[in-house]
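Enquirer: Have a look at this one.
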Amino acid sequence: MHTRYHAPFAQLSDTLQHALLPILERPDFVGMLLADDVTTLCTQCDLTPETLAYALLPIAAACAIAHISQFQVGAVAQGESGNLYFGANMEFTAVPLQQTLHAEQSAIAHAWLRQELGLTSITVNYTPCGHCRQFMNELNRANTLHIHLPGREPAQLHHYLPDAFGPQNLNITTLLMDPVNHGRTLLDADLLAQTALDAANRSHAPYSNALSGVALETDRGTVYTGRYAENAAFNPSLPPLQVALNLMNLVGEDIHRVRLAALVEPRNTTISQCDVANYSGGSRVYRRTAALYRLIQRTKMMDEPVSIDKML
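Numbering (the numbering used here), first residue to last: 1 to 312.
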């Protein structure tokens, strides 16, 4: 079991500790519970998936990196598959606060990268802020998504975000977590850049069309990807770098172990992730990550045509 779970694990009921311990001690535990594990835990502990998610909030919150606020927020997203996905806030020093990743965003991005196609609920230990409510409104199941908070009755997202502005106001029909493949290609791409391209091709950028993907390789050779998640309100949009770092953190990987990084985005576009990535290089969270912000040097640009022949 990862050491960050020790303290919150000790606070769980004896029954849940006994049932959960074998899962947390798996070498391949990656901050999520498969549907079969959820069913087993619910049966052994006389819980429902909803009450199990409540019980797991301290475990999820233990994943938080909150150097600025010292305020740990945990979230658990339930997928239509029955899987449960952890999420936690991440803060980065020496950069604007806008670079912060909120726990609800973390859990959603986690589920998205695990190929989950829709969420039924999000359980969080504190009331979602307006930023997160707007981010959740981009989801393909926003109209039916339930928010679960300790001490309150479950309520749909639109209870917390009435008269919402969202994709439908901009005539957008492909929503966040809908399966997509934009089919863009690269010339002379190495494996890491090709992996970043795959992430870019699955990104959600209907407003700017600035598809973007990141691939981070650790000194152990493990690769983590991130996709750009754009939002109708623009500001809640989630950069691909944060999505990749979030995945690293949730699986228990030290984000300082990044050795190489690649960013893929269109050659000619209205916005770029390059400057943000470069500016973030001074963050204390990223220190000793020597190669991470050579990102710009490894940037591979996608041409507008999807055909390699046309790109030639």
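All C-beta atoms in this analysis are idealised placements derived from N, C-alpha and C, irrespective of residue type, glycine included.
Can you check which of these residues, L113, L117, A66, is closest to P179 by C-alpha distance?
Expert: Taking only the C-alpha atoms, the option nearest P179 is L117.
Enquirer: By how many angstroms is the C-alpha of L119 removed from the C-alpha of L41?
Expert: Computed Cα separation, rounded: 20 Å.
Enquirer: Can A331 and L170 be called in contact, C-beta distance under 8 Å?
Expert: Not covered by the structure: residue 331. The range shown for the chain is 1 to 312.
Enquirer: Per DSSP, Y85 forms a beta bridge with which residues?
Expert: M32, A77, per the DSSP bridge assignment.
Enquirer: Taking the beta carbon of S69 as the centre, do at least 16 other beta carbons fall within 10 Å, making it buried, or is it exposed?
Expert: S69 comes out exposed.
Enquirer: For the alpha helix (DSSP H) holding I68, just list the boundary residues, first then last.
Expert: Where I68 is concerned, there is no enclosing alpha helix (DSSP H), given that its DSSP letter is neither H nor E.
Enquirer: V243 and L139 look like a contact to me (Cβ under 8 Å); what is the Cβ gap, rounded to whole Å?
Expert: With 8 Å as the limit, V243 and L139 do not qualify as a contact, their Cβ atoms being about 15 Å apart.
Enquirer: Quick check for students: name the residue ranges of the beta strand (DSSP E) that lie wholly in the region 199 to 243, counting only runs of 3 or more.
Expert: Listed in chain order, the complete beta strand (DSSP E) runs (minimum 3 residues) inside the region 199 to 243 are 213 to 218, 223 to 227.
Enquirer: Just grab the DSSP bridge partners of Q156 for me.
Expert: H146, per the DSSP bridge assignment.
Enquirer: In the DSSP assignment, the alpha helix (DSSP H) including L52 goes from what residue to what residue?
Expert: Here the alpha helix (DSSP H) through L52 covers 49 to 61.
Enquirer: Per DSSP, what are the beta-bridge partners of S121 in this structure?
Expert: DSSP, once it has assigned bridges, lists Q78, H146 as partnering S121.
Enquirer: In terms of residue numbering, what span does the alpha helix (DSSP H) encompassing F165 cover?
Expert: Where F165 is concerned, there is no enclosing alpha helix (DSSP H), given that its DSSP letter is neither H nor E.
Enquirer: Would a C-beta distance cut-off of 8 Å place A205 and L197 closer than the cut-off?
Expert: Result no, Cβ atoms of A205 and L197 do not sit closer than 8 Å.
Enquirer: By the DSSP assignment, the alpha helix (DSSP H) with C132 in it spans what residues?
Expert: From DSSP, the alpha helix (DSSP H) with C132 extends over 130 to 136.
Enquirer: Which of the three DSSP states, helix, strand or coil, is assigned to R4?
Expert: Of the three classes helix, strand and coil, the one that applies to R4 here is helix, per DSSP.
Enquirer: Helix, strand or coil: how does DSSP classify L41 here?
Expert: Looking at L41 - three-state DSSP - the assignment turns out to be helix.
Enquirer: Does A193 come out as helix, strand or coil in the three-state DSSP assignment?
Expert: Helix at A193.
Enquirer: Within 10 angstroms of its Cβ, does S13 collect 16 or more other Cβ (buried), or is it exposed?
Expert: Burial call: exposed.
Enquirer: When the Cα atoms are used, what is the spatial distance from Q11 to Y5?
Expert: Roughly 10 Å between the two C-alpha positions.
Enquirer: Identify the continuous alpha helix (DSSP H) that holds L14 and give its terminal residues.
Expert: At residue 14 the sequence reads Asp, which differs from the Leu that was named. That run of the alpha helix (DSSP H) goes 14 to 24.
Enquirer: Would you report the Cα separation of L149 and M90, rounded to the nearest angstrom?
Expert: Distance between the alpha carbons of L149 and M90 is about 20 Å.
Enquirer: When you compare each of A61, N268, R267 to T123 by their alpha carbons, which one comes out closest?
Expert: If we check each option's Cα against that of T123, A61 comes out closest.
Enquirer: For the alpha helix (DSSP H) holding S106, just list the boundary residues, first then last.
Expert: 103 to 113 is the extent of the alpha helix (DSSP H) around S106.
Enquirer: How many Å lie between A200 and A210 at the Cα?
Expert: Taking the straight line joining both Cα atoms gives about 9 Å.
Enquirer: Distance check for E25 and M1, CA to CA, integer angstroms please.
Expert: Those two C-alpha atoms are separated by around 4 Å.
Enquirer: V38 and P49 look like a contact to me (Cβ under 8 Å); what is the Cβ gap, rounded to whole Å?
Expert: The pair is a contact, with the Cβ atoms about 6 Å apart (cut-off 8 Å).
Enquirer: Just to confirm before moving on: does the CB-CB distance between C63 and L250 stay below 8 Å?
Expert: Yes; because the gap between Cβ atoms is below 8 Å, this pair is in contact.
Enquirer: Measure the beta-carbon distance from P128 to I147 and round it to whole angstroms, keeping in mind my assumption that it falls under 8 Å.
Expert: Their Cβ separation, rounded to whole angstroms, is 7 Å, which keeps P128 and I147 in contact under 8 Å.
Enquirer: What does the alpha-carbon distance come out to for the pair G221 and L191?
Expert: Their backbone Cα atoms lie some 12 Å apart in a straight line.
Enquirer: Closest to R133 by CA distance: which of A111, N125, E153, P162 is it?
Expert: When each option's Cα is compared against that of R133, the closest is P162.
Enquirer: Give a yes or no on whether the C-beta atoms belonging to S208 and I271 are separated by under 8 Å.
Expert: Contact: yes.
Enquirer: Give the secondary structure of K310 by DSSP, where H, G and I count as helix, E and B as strand, and everything else as coil.
Expert: For K310, the predicted model reports a pLDDT of 25, less than 50, meaning its position is unreliable; a value from the coordinates is still stated below. Three-state DSSP puts K310 in a helix.
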